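Engineer: If you read the protein sequences in the order shown, they are chains A and B. Residue numbers 1 to 111, in this note's numbering, belong to the letters of the first sequence in order. Residue numbers 1001 to 1113, in this note's numbering, belong to the letters of the second sequence in order. Virtual Cβ for every residue (Gly too), placed ideally from N, Cα, C. The structure presented is a predicted model; accordingly, all values stated were derived computationally and were not measured. Encoded as structure tokens, here's the structure I'll be asking about.
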Amino acid sequence: QQPVQSPQAVILREGEDAVINCSSSKALYSVHWYRQKHGEAPVFLMILLKGGEQKGHEKISASFNEKKQQSSLYLTASQLSYSGTYFCGTESNNAGNMLTFGGGTRLMVKP
Amino acid sequence: ETGVTQSPTHLIKTRGQQVTLRCSSQSGHNTVSWYQQALGQGPQFIFQYYREEENGRGNFPPRFSGLQFPNYSSELNVNALELDDSALYLCASIPRGRDTEAFFGQGTRLTVV
């Protein structure tokens, strides 16, 4: 069953902050975050693992609540380049990067 | 750029036909996953290949099949195309080891008419 992302869409002004949430009905081993711009490949942002380890880009922050099977991506001081669709991908076991993606959150940053 | 190339970029096929999509992985990446992305939706996992063997499969029928070659490039084959197969097909090249990022290609846009 795919994770549920919220909100479905958000519009920001440059410099504003946003939080994107990802919620699963299954126990999770990891959560992966990607951003996809229109007509482009999804680009890796971060992996959050059960037990607290995180791997990703320094300017991106996220949290993973294992008990609630939820993850949140925090976008601070947004820039125009942050625009795109954000996807969370989840794994329920350490199967090796076979992800179940959510439906996406469309983010638009305006000047 | 991720260094992962897919071909062709666009393709139009007729219902009932067969199609082969290709993916060239990054050097040193021994695992490739294929995803189907319908318009406005998130990618759906089709299957994964590791060292030329199918390593895992999503909820797709057997008419979706794949190959991985010794140089780790990969193919996705779809037989008996249906209108609902129209989508963007993405391949993801994955480095050795677990808990790593996947490098996606730009995809092949398949339209079935």
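Do you know offhand how far alanine 62 of chain A's Cα is from alanine 1092 of chain B's?
Structural biologist: One-based indexing of the first sequence puts residue 62 of chain A at position 62. One-based indexing of the second sequence puts residue 1092 of chain B at position 92. Those two C-alpha atoms are separated by around 23 angstroms.
Engineer: Scan the region 1090-1105 of chain B for residues whose Cβ lies nearer than 8 angstroms to a Cβ of chain A and list them as they occur along the chain.
Structural biologist: Leu1090, Ala1092, Ile1094, Arg1098, Asp1099, Thr1100, Glu1101, Ala1102, Phe1103, Phe1104 and Gly1105
Engineer: If you reduce the DSSP assignment to three classes, tell me which class serine 23 of chain A lands in.
Structural biologist: Residue numbering aside, residue 23 of chain A sits at position 23 when the first sequence is read from its first letter. Here serine 23 of chain A sits in strand by DSSP.
Engineer: Does the CB of serine 1024 of chain B have a neighbour CB from chain A at under 9 angstroms?
Structural biologist: As a working mapping, residue 1024 of chain B is identified with position 24 in the second sequence. No - not a single Cβ of chain A is within 9 angstroms of the one on serine 1024 of chain B.
Engineer: Taking the alpha-carbon of tyrosine 1035 of chain B as reference, which of A/Glu91, A/Thr100, A/Ala27 and A/Met108 has the nearest alpha-carbon?
Structural biologist: Numbered from its first residue, the second sequence carries residue 1035 of chain B at position 35. For tyrosine 1035 of chain B, the closest of A/Glu91, A/Thr100, A/Ala27 and A/Met108 by C-alpha to C-alpha distance is A/Thr100.
Engineer: For arginine 1022 of chain B, which residues of its own chain have a beta-carbon under 6 angstroms away from its beta-carbon, when the five flanking residues on both sides are left out?
Structural biologist: In the second sequence, the residue the question calls residue 1022 of chain B occupies position 22. Here the set comprises Ser1007 and Glu1075.
Engineer: Determine, using beta carbons only, whether asparagine 94 of chain A comes closer than 9 angstroms to chain B.
Structural biologist: The sequence position of residue 94 of chain A within the first sequence is 94, counting from 1. Interface residue, yes.
Engineer: For chain A, find out if any of its Cβ atoms is closer than 9 angstroms to the Cβ of serine 1033 of chain B; answer yes or no.
Structural biologist: By one-based count along the second sequence, residue 1033 of chain B stands at place 33. It does; some Cβ of chain A falls within 9 angstroms.
Engineer: Once DSSP output is grouped into helix, strand and coil, what is the label at serine 1073 of chain B?
Structural biologist: Within the second sequence, residue 1073 of chain B is the residue found at index 73, counting from 1. Three-state DSSP puts serine 1073 of chain B in coil, outside helix and strand.
Engineer: Going by DSSP, what residues sit across from arginine 35 of chain A in a beta bridge?
Structural biologist: The sequence position of residue 35 of chain A within the first sequence is 35, counting from 1. Arginine 35 of chain A pairs with A/Val43 and A/Tyr86.
Engineer: Would you mind sorting alanine 1087 of chain B into buried or exposed? The rule is 16 or more other CB atoms within 10 Å of its CB.
Structural biologist: Residue 1087 of chain B sits at position 87 when you count from the first residue of the second sequence. Burial call: buried.
Engineer: Three-state secondary structure (DSSP) at leucine 1067 of chain B?
Structural biologist: Along the second sequence, one-based indexing puts residue 1067 of chain B at 67. Here leucine 1067 of chain B sits in strand by DSSP.
Engineer: Which residues in chain A have a C-beta closer than 7 angstroms to the C-beta of phenylalanine 1045 of chain B? List them in chain order.
Structural biologist: Here residue 1045 of chain B is taken as the residue at index 45 of the second sequence, counted from 1. Residues of chain A passing the Cβ test: Met98, Leu99 and Thr100.
Engineer: Between which two residues does the beta strand (DSSP E) containing glutamate 1054 of chain B stretch?
Structural biologist: Counted from its first residue, the second sequence places residue 1054 of chain B at position 54. It spans 1053-1057 - the beta strand (DSSP E) in which glutamate 1054 of chain B sits, taken as one unbroken run.
Engineer: Helix, strand or coil for leucine 99 of chain A per DSSP?
Structural biologist: Working through the first sequence from its first residue, we reach residue 99 of chain A at position 99. In the structure shown, leucine 99 of chain A sits in coil (DSSP, three-state: anything other than H, G, I, E or B).
Engineer: Between histidine 32 of chain A and chain B, is the shortest Cβ-Cβ distance under 9 angstroms, so that the two count as touching?
Structural biologist: Position 32 of the first sequence, counted from the start, is the residue given in the question as residue 32 of chain A. For histidine 32 of chain A, the answer is yes, since a Cβ of chain B falls inside 9 angstroms of its Cβ.
Engineer: With 16 other CB atoms within 10 Å as the buried threshold, where does tyrosine 74 of chain A fall?
Structural biologist: Taking the first sequence and counting its residues from 1, the one referred to as residue 74 of chain A is at position 74. Classification of tyrosine 74 of chain A: exposed, given that the 10 Å Cβ count is below 16.
Engineer: Tell me, to the nearest whole angstrom, how far the beta carbon of lysine 37 of chain A is from that of glycine 84 of chain A; I am working on the premise that it is less than 8 angstroms.
Structural biologist: For this step, residue 37 of chain A is matched to residue 37 along the first sequence. For this step, residue 84 of chain A is matched to residue 84 along the first sequence. Between glycine 84 of chain A and lysine 37 of chain A the Cβ distance is about 4 angstroms, and since that is below 8 angstroms, they are a contact.
Engineer: Do you know how far the Cα of glycine 1056 of chain B is from the Cα of serine 1033 of chain B?
Structural biologist: Counting from 1 along the second sequence, the entry for residue 1033 of chain B is found at position 33. Counting from 1 along the second sequence, the entry for residue 1056 of chain B is found at position 56. Cα to Cα, serine 1033 of chain B sits roughly 9 angstroms from glycine 1056 of chain B.
Engineer: Got a sec: does the ligand NAD put a non-hydrogen atom nearer than 8 angstroms to the Cβ of threonine 1108 of chain B?
Structural biologist: No copy of the ligand NAD occurs in the structure displayed, which carries no ligand at all.
Engineer: Can you tell me whether DSSP reads leucine 28 of chain A as helix, strand or coil?
Structural biologist: For the purposes of this step, residue 28 of chain A is identified with residue 28 of the first sequence, where counting begins at 1. Coil, per DSSP.
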